[in-house]
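In my numbering, the protein residues as written are 181 to 296.
So, in structure tokens, the structure goes:
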């Protein structure tokens with residue numbers, strides 16, 4: 181799973197670079213011309229955010245296999261520490277995203293009420 185995460189992280193980064201440096205195909209508006217940069221930067225941020233859990237998962241799998249092969253308790257503890265860091269990262273990210281979604285909903289309700 182960690183290697184698949186690294187592969188998808190690289191593919192997302194390549195897509196971001198492609199979107200950021202592709203010509204605007206004759207679009208003349210400033211917003212449409214800069215839209216590729218905005219979307220590319222967003223995808224680059226997604227690739228960066230997805231890199232860290234993949235790295236934690238890779239470290240977990242590497243440490244666990246080494247610990248089982250060598251019968252080493254310290255390496256096993258380090259591996260489970262990386263798994264804990266992986267779940268902690270996802271938990272914090274989910275809390276931030278839920279808070280962001282709540283802000284979007286509340287802001288949309290306020291804007292809708294202000295336009296009525």
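Built from N, CA and C at the ideal position, the CB exists for glycine as well.
Going by the beta-carbon positions, is the gap between residue i and residue j smaller than 8 Å?
i           : j           : result
residue 190 : residue 200 : no
residue 227 : residue 196 : yes
residue 232 : residue 269 : yes
residue 182 : residue 230 : no
residue 234 : residue 186 : yes
residue 244 : residue 256 : yes
residue 254 : residue 246 : no
residue 236 : residue 265 : yes
residue 277 : residue 240 : no
When the Cα of residue i is compared with those of the options, which residue comes out closest?
i           : options            : result
residue 223 : 193, 284, 294, 285 : 193
residue 260 : 221, 242, 277      : 242
Every unbroken alpha helix (DSSP H) inside the stretch 206-264 [4 residues or more]: Within the stretch 206-264, complete alpha helix (DSSP H) segments of at least 4 residues are found at 210-250, given in chain order.
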